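Undergrad:
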Amino acid sequence: MKLRRLIILGGPVLIILGVVVYVSIRSLFLPEYGAILVEYPDSLKPPLVIIREYGLPVDSFTIHKGIIRKNQSLSDLLLEYGVSGKDIHEIAANHNNVFDFRKIRYGKPYKVFCTRDTSETVQYFVYEHSPVEYILVGLKDSIIVSRSEKEVTISEHRAGGSIHSSLWMTMKENNLDPMMAIELSEIYAWNIDFFGIQEGDKFKVIYDQHYVDTLYIGLGEMHGACFYHAGKEFYAIPFEQDSVLTFFDQDGNSLHRAFLKAPLRYSRISSRYSYSRMHPILKIRRPHLGVDYTAPYGTPVHAIGDGKIIEKSYKKADGYMVKIRHNSVYTTAYLHLSDYGKKIQTGTYVKQGDVIGYVGSTGLSTGPHLDFRFYKNGSPVDPLKVDAPPVEPVKEENMAQFDSVKTLVMFYLDQIQIQDSTVTDT
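Numbered continuously in the working numbering, the sequence shown closes out at residue 440.
1. Hey, quick one: how far does the alpha helix (DSSP H) through His103 stretch, first residue to last?
2. Leaving aside the five residues before and after Ile102 along the sequence, list all residues of the same chain whose C-beta is less than 6 Å from its C-beta, in chain order.
3. Give the single residue among Tyr307, Lys117, Tyr95 whose Cα lies nearest to the Cα of Val126.
4. From Phe425 to Ser268, what distance separates their C-alpha atoms?
5. For Gly121, tell me which candidate among Thr129, Ala107, Lys84 has the shortest Cα-Cα distance.
6. Assign Asp215 to one of two classes, buried (16 or more other C-beta atoms within 10 Å of its C-beta) or exposed (fewer than that).
7. Report the rounded CA-to-CA distance for His383 versus Leu278, giving the unit in angstroms.
8. Look up Leu274 in the DSSP assignment and say whether it is helix, strand or coil.
9. State the DSSP-derived secondary structure class of Ile196, mapped to helix, strand or coil.
10. Looking at Tyr334 and Thr376, is the spacing between their C-beta atoms short of 9 Å?
11. Using DSSP with H/G/I as helix, E/B as strand and the rest coil, what is Gln433?
12. For Gln255, which residues of its own chain have a beta-carbon under 7 Å away from its beta-carbon, when the five flanking residues on both sides are left out?
13. What runs of the beta strand (DSSP E), each 3 residues or longer, lie entirely inside the region 111-199?
14. Contact check, Gly355 vs Val373 under 8 Å by CB: the rounded distance?
15. Are three or more beta carbon pairs between the region 337-354 and the region 384-403 nearer than 8 Å?
16. Is the separation between the beta-carbon of Ala309 and that of Arg282 shorter than 9 Å?
17. Below 8 Å on the Cβ atoms is my contact criterion, and I expect Asn341 with Ala203 to pass it. Report the Cβ-Cβ distance as a whole number of Å.
18. So what does DSSP say about Leu42, is it helix, strand or coil?
19. With distances taken Cα to Cα, identify the nearest neighbour of Asp145 among Leu274, Leu229, Met236, Tyr328.
20. Let me know the secondary structure DSSP gives Ala244 once reduced to three states.
21. Is the region 134-141 in contact with the region 174-182, if contact means three or more CB pairs nearer than 8 Å?
22. Are the region 189-201 and the region 144-159 touching, with three or more C-beta to C-beta distances below 8 Å?
23. Hey, could you find the ends of the beta strand (DSSP E) Ser284 is sitting in?
24. Taking the straight line between their C-alpha atoms, what separation do you get for Pro252 and Tyr307?
25. Output the distance between the C-alpha atoms of Gly266 and Glu406, rounded to the nearest integer angstrom.
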């Protein structure tokens with residue numbers, strides 16, 4: 015009875031209290047009650063989100079975007095936005111240790127950050143040198159030039175496919191980066207002739223993709239691969255040994271075969287790889303895309319690696335020369351020979367160290383020497399800078415660690431499902 019009486023008596027009290035609370039709360043929010051809005055404690059306030067690009071708060075500027083036009087210079091560009099000739103000169107003349115603005119390139123994007131008023135005074139200029147690297151020029155109180163990189167996001171992917179044409183076309187037709195074909199051809203350069211891959215050959219690969227924001231900018235590291243060719247499985251397990259990362263097969267043997275350091279046993283370098291060398295006979299500057307080794311007339315010239323002779327000829331400038339294709343990636347050429355080695359014919363195969371010719375002075379030459387040239391994927395490269403990974407297998411003391419890496423890589427490769435006509439990518 016007492017409880018019931020309490021409830022009956024308490025009912026009106028609760029109703030009155032509720033009205034008071036309602037009016038009080040309403041008075042906090044409704045202007046007709048002459049009240050101000052409630053101020054939340056700092057701990058309850060939503061965070062203020064400031065959107066930045068190149069470290070600059072974008073809401074603080076009027077931003078103009080553009081693409082470098084053909085033959086457009088930095089001066090041409092900035093004058094259009096009202097930057098003074100004096101400031102442009104200071105940017106170009108006093109900050110070329112950061113970036114040489116004569117090297118801005120047609121088709122590259124840029125952005126101009128201006129004040130948000132009618133004057134639109136330029137505050138910052140940004141030139142995107144690459145998808146990752148950019149040059150920031152500050153033009154506020156003083157001129158500041160800096161070179162920075164955007165944050166790159168890395169994501170791991172796995173793919174596998176069956177080849178019906180070329181490896182390059184297989185990648186392209188299935189929306190994979192065709193550059194992966196080049197990566198695989200370099201990994202397997204000594205094991206698989208990619209000029210001779212057949213329909214039905216298969217591959218599996220674990221690799222990284224690099225992004226800036228949501229923009230794909232290219233392949234990253236290769237974390238493992240398997241190629242099915244001529245009825246065999248060729249695994250590629252990345253492993254670092256002696257501070258060098260290279261690829262090994264499942265037994266711990268290196269997939270790479272090193273070249274000889276030089277095609278001559280005894281010689282000295284008389285001229286290096288250069289894009290502008292004074293020609294000793296023509297007396298003009300032009301590229302010399304090889305290395306000259308001076309040696310006595312008749313010194314034996316050796317093949318730096320196994321391969322097939324694809325050219326044996328005489329040319330006016332090169333004299334007697336031999337060109338060897340070592341695999342689908344690397345080719346070497348030997349110029350100004352006096353004579354050829356025994357049984358050296360186009361189409362024949364040679365082993366590393368075989369004598370393919372003798373030092374001479376044929377063609378445009380001032381004396382006995384060998385002009386040695388090195389090509390990677392058809393393009394000349396400096397023979398002295400070619401990276402030749404070690405050929406030794408995984409060392410015994412590293413084998414336990416290698417086995418752990420191998421087991422994990424092979425497990426994930428074996429999980430990749432290959433369909434007949436498509437490439438899987440996860």
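The beta-carbon is built from N, C-alpha and C at its ideal position, and this holds for glycine as well. Note that this is a predicted model, so its numbers are computed, not measured.
TA: Per the coordinate set shown:
1. Locating residue 103 in the sequence shown gives position 89, counting from the first residue. Unbroken alpha helix (DSSP H) run through His103: 99-108.
2. Along the sequence shown, one-based indexing puts residue 102 at 88. Cβ neighbours of Ile102 beyond the five flanking positions: Ser89, Leu92.
3. As a working mapping, residue 126 is identified with position 112 in the sequence shown. Closest by alpha carbon: Tyr95.
4. Numbered from 1 along the sequence shown, position 411 holds the residue referred to as residue 425. Numbered from 1 along the sequence shown, position 254 holds the residue referred to as residue 268. Cα to Cα, the separation comes out at about 20 Å.
5. Taking the sequence shown and counting its residues from 1, the one referred to as residue 121 is at position 107. Nearest of Thr129, Ala107, Lys84 to Gly121, Cα basis: Lys84.
6. By 1-based counting over the sequence shown, the position of residue 215 is 201. So Asp215 ends up on the buried side.
7. Sequence index remark: in the sequence shown, residue 383 carries index 369 (1-based). Sequence index remark: in the sequence shown, residue 278 carries index 264 (1-based). The straight-line gap from Cα to Cα measures roughly 10 Å.
8. The sequence position of residue 274 within the sequence shown is 260, counting from 1. Three-state DSSP puts Leu274 in coil, outside helix and strand.
9. Within the sequence shown, numbered from 1, the residue matching residue 196 stands at position 182. Note: Ile196 maps to helix in three-state DSSP.
10. Walking along the sequence shown from the start, residue 376 turns up at place 362. Walking along the sequence shown from the start, residue 334 turns up at place 320. It is a contact, given that the beta carbons lie within the stated cut-off.
11. Position 419 of the sequence shown, counted from the start, is the residue given in the question as residue 433. If DSSP states are grouped into helix, strand and coil, Gln433 belongs with coil.
12. Residue numbering aside, residue 255 sits at position 241 when the sequence shown is read from its first letter. Only Val408, Lys409, Asn412 meet the Cβ criterion.
13. 123-128, 136-142, 147-153, 157-163, 167-176
14. The residue labelled residue 355 in the question sits at position 341 within the sequence shown. The residue labelled residue 373 in the question sits at position 359 within the sequence shown. With 8 Å as the limit, Gly355 and Val373 do not qualify as a contact, their Cβ atoms being about 12 Å apart.
15. yes
16. Numbered from its first residue, the sequence shown carries residue 309 at position 295. Numbered from its first residue, the sequence shown carries residue 282 at position 268. For Ala309 and Arg282, yes; Cβs fall inside 9 Å.
17. Within the sequence shown, residue 341 is the residue found at index 327, counting from 1. Within the sequence shown, residue 203 is the residue found at index 189, counting from 1. Contact flag correct, Cβ pair sits at about 4 Å.
18. As a first step, residue 42 is located in the sequence shown; it is residue number 28 there, counting from the start. The predicted position of Leu42 is uncertain, since its pLDDT is 44 and thus under 50; a value taken from the coordinates is nonetheless stated next. In this structure, Leu42 counts as helix in the three-state DSSP scheme.
19. Sequence index remark: in the sequence shown, residue 145 carries index 131 (1-based). Sequence inspection shows Pro at residue 145; the Asp mentioned does not correspond to that position. Minimum Cα distance to Pro145 is reached at Leu229.
20. Mapped onto the sequence shown, residue 244 falls at position 230. Ala244: coil per DSSP, three-state reduction.
21. no
22. no
23. As a first step, residue 284 must be located in the sequence shown, where it is residue number 270. 282-285 is the span of the beta strand (DSSP E), which, as asked, contains Ser284.
24. Mapped onto the sequence shown, residue 252 falls at position 238. Mapped onto the sequence shown, residue 307 falls at position 293. Those two C-alpha atoms are separated by around 35 Å.
25. Reading the sequence shown from its first residue, position 252 is the one you call residue 266. Reading the sequence shown from its first residue, position 392 is the one you call residue 406. C-alpha separation (whole angstroms): 9 Å.
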